[in-house]
Amino acid sequence: MADIIKLLPDHVANQIAAGEVVQRPASVVKELLENAIDAGASSIKLIVKDAGKTLIQIIDDGKGMSDTDARMSFERHATSKITTADDLFNLNTKGFRGEALASIAAVAHVALKTRPEGAEVGTHIEIEGSKIITQEVCATPKGTSLAVKNLFFNIPARRNFLKSNSVELRHVIDEFQRVALAHPDIAFAMYHNEGELFQLPKGNLKQRIVGIFGGKTNEKLVPVQEETDILTINGFVVKPEFSKKTRGEQFFFVNDRFIKSAYLNHAVTAAFDGLLPDRARASYFLYLKVDPATIDINIHPTKTEIKFDDEHALYAMLRSTIKHSLGQFSIAPVLDFNRDSELDTPYDYKNKGVVTPKIEVDRTFNPFESVPAPKRGAQRPDYEKPDVTGWEKMYEGMESQATAGSTITFEKEVSTGNMFESGLNTKAAAPITAAASSQDESSTYQLNKKYIVSTIKSGMVIIDQHKAHQRVLYEEFLRNITVKESVSQQLLFPLTLTYSTTELALIEELKEGLENTGFIFGLISGDILEINGIPTSITESQVPVVIDQLLSDLENEVPDSGFSQTDTLAKSMAKSLAVKGGETLDSLSREHLVNSLFACKEPSISPTNKKTFITITGDDLDRKFK
C-alpha cells in the first residue's frame with residue numbers, strides 16, 4: 001500500500017490556521033492592536049478603509065523591532081511573549097501563540113515598517129500570501145506601522161462570505177472599543193475612509209467610557225469597587241433606568257483582557273433582580289484582577305473565553321459587590337421599618353469628624369425694657385374714637401329695593417320632572433339606545449386581552465391582535481414609503497436624543513430610508529441626534545421607542561439594497577408600534593383591526609412569518625363534543 005499521508009506546505013498550513021485566527025477584518029484589528037499594546041505603545045492609531053476590506057493600518061510608538069525580529073515575526077509559532085509551557089499559566093501579555101502575523105500574511109498583502117529606539121534606520125518588509133516580496137532599510141519613526149491590504153485576496157470564497165461594509169465596520173468598532181476600554185492609559189485614535197470616528201486621549205476609566213459612549217454616559221454610571229485576597233473588582237454599572245434591550249454595553253475584563261462569560265453575566269443580572277424594566281438587560285463595565293495562575297486563557301483562538309479555578313467564589317463576590325454599590329448609592333430600595341430616615345448620616349459626611357456646635361447669645365438683651373401691654377378695657381393713649389355720626393344715611397332707599405326684589409323667582413333644588421316627557425326628547429334619545437344595542441350585539445369579542453374572536457359563515461376565526469396589527473402597519477408603511485410620498489409632521493421644538501458613536505454611524509447608514517418614512521433629521525454630530533419632523537402615524541413620545549427597536553433589529557445585519565432597507569424599516573416600526581397583548585380594545589377598534597387585516601395582501605402571516613389567525617369550523621366544534 002502506497003503512503004498517502006503528506007506534510008502540508010507552509011503556505012497551505014498558514015491558510016488553514018488563518019481560518020481560525022482571521023475570520024473577518026475585525027479579527028485583524030484585534031490582533032494588531034494587542035501587538036501594539038504588548039510593544040509598550042503610549043499612542044496607537046487605527047486607519048481603516050472600506051470597513052477593513054481594502055486597508056487596515058496600525059501605527060504605534062512602541063519599542064519597535066530589529067531587522068531580524070521583523071522577519072521572524074511572520075513565521076508560525078514565533079513569539080517573544082513566552083519561552084516554556086509553564087509561561088502559559090503566568091501570562092501578562094495579550095498574545096502568546098505566535099500565529100497572528102503568520103496567519104494574516106497568508107491571506108493578505110502586508111507592509112511592515114518598524115524601527116527600535118536608538119537605531120538610525122528601520123526595516124521595511126512587504127509580504128503577499130506568505131511570500132516575502134521585499135525587505136530593505138527605510139527611514140521611519142520609532143515604533144511600528146503595519147498595513148494589511150486586500151484581505152482574503154487569495155481566498156475569494158472567504159471574501160464573498162464577508163458581510164456588508166456597515167456590518168463589518170460595526171465589528172471593527174466593537175473590537176476597537178474593547179481594546180480601548182481595557183487600556184485608558186493609552187491614547188487611541190480611529191479613522192474610517194479618511195473620517196475621524198474616535199479621538200481618545202489618555203485618562204482614567206470613567207473618562208475613557210464617556211469618550212467612547214458620549215457625554216451623557218457620565219450621569220448613568222454607578223461605581224463598583226471591592227478588593228479581596230483572590231479577586232479585585234473595579235469599574236461601573238449603569239443605573240437601571242438607563243438599561244437597554246440589547247447586550248451592547250456589557251463588558252467584562254479579566255487582567256485587562258476582554259472576555260465573554262455567561263456565568264459572570266448571570267451574577268450581574270442576579271444583583272439587578274427586581275430593578276430592571278421588562279426585557280431590559282443590565283449594562284456594565286467591570287474589571288477583574290485575579291492571579292494569572294488561577295485562570296486558563298489558552299482555550300479558544302480569539303482568547304475571549306477563560307476558565308477560572310473557583311467560579312462559584314467569583315460569582316458570589318461579584319453579585320454581592322454590585323448589590324452593595326447599588327444600595328450604597330441609593331439605587332436599590334431599602335425597606336426597614338425600625339429605622340428613622342432622618343437619623344441617616346449623609347454619604348458625604350461619612351468620614352468627617354464630630355464638631356461641637358456654636359451657640360450665639362445676645363448678652364445685651366433685657367426683657368424688662370419692653371413696654372407692658374395695656375390691661376383689658378383700658379384705652380391706649382394713642383387710640384382715637386371713630387366718628388359715627390350720620391349713620392342713618394347708610395340705609396336710605398333700602399325699602400324700595402326690597403319691594404323690587406320680591407318679584408325674583410328662584411329654581412327649586414329638587415327637580416322631579418321627566419327628562420324625556422316631550423316627544424322631541426324621546427326621539428333624541430333613540431339613537432343613543434340604538435348605538436348601545438349595536439355595541440352589545442358586536443360580532444367580535446376579546447379573549448384574555450390578547451386574541452380577537454370573530455364569527456364567519458363556517459364557524460369562527462381567532463386573531464392574534466399583536467401579530468395582526470403588525471401585518472396591517474407593515475403594509476401601510478411599505479405603501480407610504482414606496483408608492484406614496486412620505487408625509488411628515490413638523491415638530492414645534494426639535495427632539496434631541498443621545499446615542500453612542502456606533503449607533504449614530506448605524507443611523508447615518510439608514511438615514512435615507514428613515515427620511516422616506518417621514519423622519520426629518522437636523523444636526524447629527526458627536527453623540528447628539530436632532531429630529532425636526534416625524535411620520536404622521538407616530539407620536540413624539542414613541543420616537544425613542546421606534547429608533548431603539550430599529551437599532552436592536554439591525555444590530556447584526558444592515559441591509560445593502562434600498563428594498564431591503566425599506567423592508568427592514570417597515571418591519572421594525574410595525575413591531576414597535578403594533579398594539580401589544582394585554583391591551584383592552586373596544587368593539588370599534590376590534591372590528592377595524594379585523595377589517596384592516598383581511599384587506600391586506602397577505603393577511604394570514606405576520607411580517608416575521610408567524611400565523612396571524614386560525615379558523616375553527618362548525619365540524620371542528622362538533623368533533624369536540626363527541
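Residue numbers (UniProt numbering): 1 to 626. All C-beta atoms in this analysis are idealised placements derived from N, C-alpha and C, irrespective of residue type, glycine included. Everything numeric in this text was worked out from a predicted model, so none of it was measured.
Grouping DSSP H, G and I as helix and E and B as strand, with all else coil, what is T123? T123: strand per DSSP, three-state reduction.
With a Cβ-Cβ cutoff of 8 Å, do L286 and F252 count as a contact? Closer than 8 Å, so yes.
Give me the residue from V238, T217, I259 and D60 with the minimum Cα distance to I331. The residue from V238, T217, I259 and D60 with its alpha-carbon nearest to that of I331 is V238.
Does Y499 come out as helix, strand or coil in the three-state DSSP assignment? If DSSP states are grouped into helix, strand and coil, Y499 belongs with coil.
From which residue to which residue does the beta strand (DSSP E) around L286 run? Y284 to K289 is the extent of the beta strand (DSSP E) around L286.
Quick one: what's C138 bridged to in DSSP? C138 is bridged by DSSP to G122.
Can you give me the C-alpha to C-alpha distance between V21 and S27, rounded to a whole angstrom? Cα to Cα, the separation comes out at about 7 Å.
Who are I295's beta bridge partners in DSSP? For I295, the beta-bridge partners assigned by DSSP are F308.
Drop a sphere of 10 angstroms on the beta-carbon of G423, count the other beta-carbons inside from all chains shown, and report buried for 16 or more, exposed for fewer. Residue placement at G423 is poorly supported in this model, since its pLDDT is 42, which falls under 50; the coordinates are not used for a value here.
Relative to the alpha-carbon of residue 627, which residue among V148, G122 and T321 has its alpha-carbon at the smallest distance? With the chain represented from 1 up to 626, any question about residue 627 goes unanswered, as that position is not in the structure.
Give the single residue among S443, Q57 and H266 whose Cα lies nearest to the Cα of K113. The shortest C-alpha to C-alpha distance from K113 to any of S443, Q57 and H266 is the one to Q57.
Residues that DSSP places opposite L529 in a beta bridge: Under the DSSP definition of a beta bridge, L529 partners with L497 and I524.
I need the DSSP call for L231, collapsed to helix, strand or coil. Here L231 sits in coil by DSSP.
Closest by CA to T496, which one among K45, S130 and I547? Looking at K45, S130 and I547, the one whose alpha-carbon comes closest to that of T496 is I547.
Bridge partners - P223, DSSP secondary structure assignment: Answer by DSSP bridge pairing, in chain order: F236.
Roughly how many angstroms separate the alpha carbons of H466 and M317, rounded to a whole number? Rounded to whole angstroms, H466 to M317 spans 42 Å at the Cα level.
How long is the line joining the alpha carbons of D620 and D464, rounded to whole angstroms? If I take the Cα positions, the gap works out to 20 Å.
Does DSSP classify E508 as helix, strand or coil? Under the three-state reduction of DSSP, E508 is assigned to helix.
Am I right that P25 and V167 are in contact with their C-beta atoms under 8 Å? What's the rounded C-beta distance? The Cβ separation is near 11 Å, so there is no contact.
Unbroken beta strand (DSSP E) run spanning E196, endpoints: Bounds of the beta strand (DSSP E) holding E196 are G195 to L200.
Residue range of the alpha helix (DSSP H) that includes F176: For F176, the uninterrupted alpha helix (DSSP H) segment begins and ends at N165 to A182.
Assuming P308 and I295 form a contact by the criterion Cβ under 8 Å, report the distance between their Cβ atoms to the nearest whole angstrom. In the sequence under discussion, the amino acid at residue 308 is Phe, which differs from the Pro named in the question. At roughly 6 Å, the Cβ-Cβ gap stays under 8 Å, so F308 and I295 are in contact.
For G215, tell me which candidate among V545, S589, S500 and S80 has the shortest Cα-Cα distance. Ranking V545, S589, S500 and S80 by Cα distance to G215 puts S500 first.
Secondary structure of F359, DSSP reduced to three states: Reading the sequence as shown, one finds Ile at residue 359 and not Phe. DSSP places I359 in coil when its eight states are reduced to three.
Check whether the Cβ atoms of H109 and N150 lie closer than 8 Å to each other. In this structure, H109 lies near N150, with their beta-carbon atoms less than 8 Å apart.
So is P508 buried or exposed if we call it buried at 16+ other beta carbons inside 10 Å? A small fix is needed here, since residue 508 is Glu in this sequence, not Pro. With fewer than 16 other Cβ atoms within 10 Å, it is exposed.
Over the uninterrupted alpha helix (DSSP H) stretch that includes T269, give me the two end residues. Judged by DSSP secondary structure, T269 falls within the alpha helix (DSSP H) whose first and last residues are A262 to A271.
Which same chain residues, not among the five before or five after L169, have their C-beta less than 8 Å away from its C-beta? Around L169, the same chain offers V48, A51, G52, H192 and A505 as residues with beta carbons nearer than 8 Å, after the five sequence neighbours per side are excluded.
Given that a residue counts as buried once 16 or more other Cβ atoms are within 10 Å of its Cβ, and exposed if not, what is I133? Within 10 angstroms of the beta-carbon of I133 lie fewer than 16 other beta-carbons, which makes it exposed.
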